[in-house]
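Enquirer: Numbering of the sequence shown is given in this note's numbering, commencing with residue 251 and proceeding in unit increments. Don't be surprised by glycine CBs; every beta carbon is placed ideally from N, CA and C. Here it is: the structure, laid out below.
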Amino acid sequence: MSLFGRFARTFLQNVNKRTLLPLRPQMAIRFVHRPVALSPAPAPIVPNIEDLPQFGTFSPSVCQFIAERQHENSNSRIKSWVTRLADEKPVGLIDLNEFVFGENPRIDILHRVVVWQRAKRRAGTACVKGRSEVRGGGRKPWPQKGHGRARQGSIRAPQFRGGGVVHGPKPKSYAYTLPKKVRRMGLRVALSVRYAQGDLHIVESFEDIEDEKDLIPILDKRGWKSAVLVDSVPNPSLIGASEDLEKIDVFYSENVNVYSILLRHNLVLSLDAVKQLEERLVEDDRIIQNHFE
């Protein structure tokens with residue numbers, strides 16, 4: 251299945267942005283325009299009303315986040331619950347920045363960023379020898395005239411056994427430059443699509459994770475069989491707990507990337523990681539606002 255196939259349902263959304271149709275695995279992005287019979291979307295999991303905290307009972311970390319990001323998120327229509335990682339209990343409700351988590355689903359931008367990332371990762375070490383590099387050679391296989399055969403100049407010509415390769419690969423770099431604004435927009439689109447599909451989860455912190463035995467029950471309880479865990483800083487305990495898990499990747503806010511987000515089904519952010527991502531990605535919005543003021 252194409253990496254972008256599961257994001258095609260974003261283009262099949264209704265008037266309400268949060269009402270999305272489920273995507274079947276066999277749907278590829280090139281088949282989006284064809285009518286496909288889709289099953290009803292599963293009902294979202296809503297916490298019990300009695301367990302929802304009131305504004306005055308938010309945890310200190312949530313209150314600190316609201317105070318620090320209120321100047322840019324106060325009028326946002328995008329909200330998300332913050333839960334505890336261990337018991338899934340909500341500890342507060344935060345406003346997310348619309349410029350970061352409300353970007354239009356630009357699959358063309360995602361494609362450009364992913365192709366750029368994978369091109370940078372290519373080793374480019376393929377190498378073969380030409381006729382001037384293979385061992386031996388130089389001798390003329392037979393005289394120019396008198397044998398009735400085609401004239402040949404060297405026994406290491408490409409048409410002979412043991413000869414060199416014509417136009418073979420040589421070590422090179424496949425990396426190229428992609429504008430910074432496109433890279434940032436790709437990350438905003440990936441975050442926004444995860445939020446719109448209901449696959450973005452915000453937890454208070456990852457402090458409870460010390461070993462693999464602490465992480466596996468949480469992943470099983472929440473159904474995170476394939477997930478990207480993002481903390482604000484490199485977390486050795488979290489990295490060590492997930493290194494033996496096949497489809498669990500750990501990043502921090504500075505090195506999380508589009509390809510890794512699209513590769514897994516769930517995106518789990520700590521509250522501090524959300525704050526750092528917004529501070530980093532909202533710079534383009536500030537430039538735009540200053541331009542029109």
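1) Grab me the residues of V453's own chain with a C-beta within less than 8 Å of its C-beta, minus the 5 sequence neighbours each way, in chain order.
2) Looking at the strands, I want to know which residues DSSP matches up with L495.
3) Can you give the beta carbon distance from I459 to L465, rounded, assuming they're within the 8 Å contact cut?
4) Taking the alpha-carbon positions, what's the V384 to K390 distance?
5) May I have a chain-ordered list of the beta strand (DSSP E) segments no shorter than 3 residues that lie completely inside the region 462-541?
6) For H451, does the three-state DSSP call read helix, strand or coil?
7) Extract the residue ranges of the alpha helix (DSSP H) inside the region 347-400, only unbroken runs of 4 or more that lie entirely within it.
8) Which residue marks the beginning of the alpha helix (DSSP H) containing S311, and which one marks its end?
9) So, using beta-carbon positions, are S510 and V478 closer together than 8 Å?
10) What span of residues does the alpha helix (DSSP H) with K199 cover, start to end?
11) Leaving out five residues on either side along the sequence, give the residues of the same chain with a beta carbon under 6 Å from the beta carbon of N516.
12) Report the residue from E457, Q447, K497 whose alpha carbon sits nearest the alpha carbon of D470.
13) Assign Y424 to one of two classes, buried (16 or more other C-beta atoms within 10 Å of its C-beta) or exposed (fewer than that).
Expert: So, from the listed chains and residues:
1) Stepping through the sequence shown from its first residue, residue 453 is reached at position 203. Closer than 8 Å at the Cβ level, and outside the excluded window around V453, lie V332, T333, R334, L335, V518, L519, S520, L521.
2) One-based indexing of the sequence shown puts residue 495 at position 245. Residue pairing of L495 in beta bridges, as defined by DSSP: absent, with no partner found.
3) Reading the sequence shown from its first residue, position 209 is the one you call residue 459. Reading the sequence shown from its first residue, position 215 is the one you call residue 465. Right, their Cβ atoms sit about 5 Å apart.
4) Taking the sequence shown and counting its residues from 1, the one referred to as residue 384 is at position 134. Taking the sequence shown and counting its residues from 1, the one referred to as residue 390 is at position 140. CA-to-CA, the gap between V384 and K390 works out to about 15 Å.
5) Within the region 462-541, the complete beta strand (DSSP E) runs of at least 3 residues are 477-481, 498-502, 516-520.
6) As a first step, residue 451 must be located in the sequence shown, where it is residue number 201. Residue state for H451 is assigned as strand, using DSSP reduced to three classes.
7) As far as the region 347-400 is concerned, its whole alpha helix (DSSP H) runs of at least 4 residues are 348-351, 357-371.
8) Here residue 311 refers to the residue found at position 61 when the sequence shown is read from its first residue. It spans 310-323 - the alpha helix (DSSP H) in which S311 sits, taken as one unbroken run.
9) Numbered from 1 along the sequence shown, position 260 holds the residue referred to as residue 510. Numbered from 1 along the sequence shown, position 228 holds the residue referred to as residue 478. Yes. Within cutoff.
10) Within the shown structure, residues of the chain are numbered from 251 to 543, placing residue 199 beyond reach of any answer.
11) For the purposes of this step, residue 516 is identified with residue 266 of the sequence shown, where counting begins at 1. Correct list, in chain order: D449, W474, A477.
12) On the sequence shown, position 220 is the one that residue 470 refers to. Considering only alpha carbons, the answer is K497.
13) Residue 424 sits at position 174 when you count from the first residue of the sequence shown. Exposed, by the Cβ-count rule.
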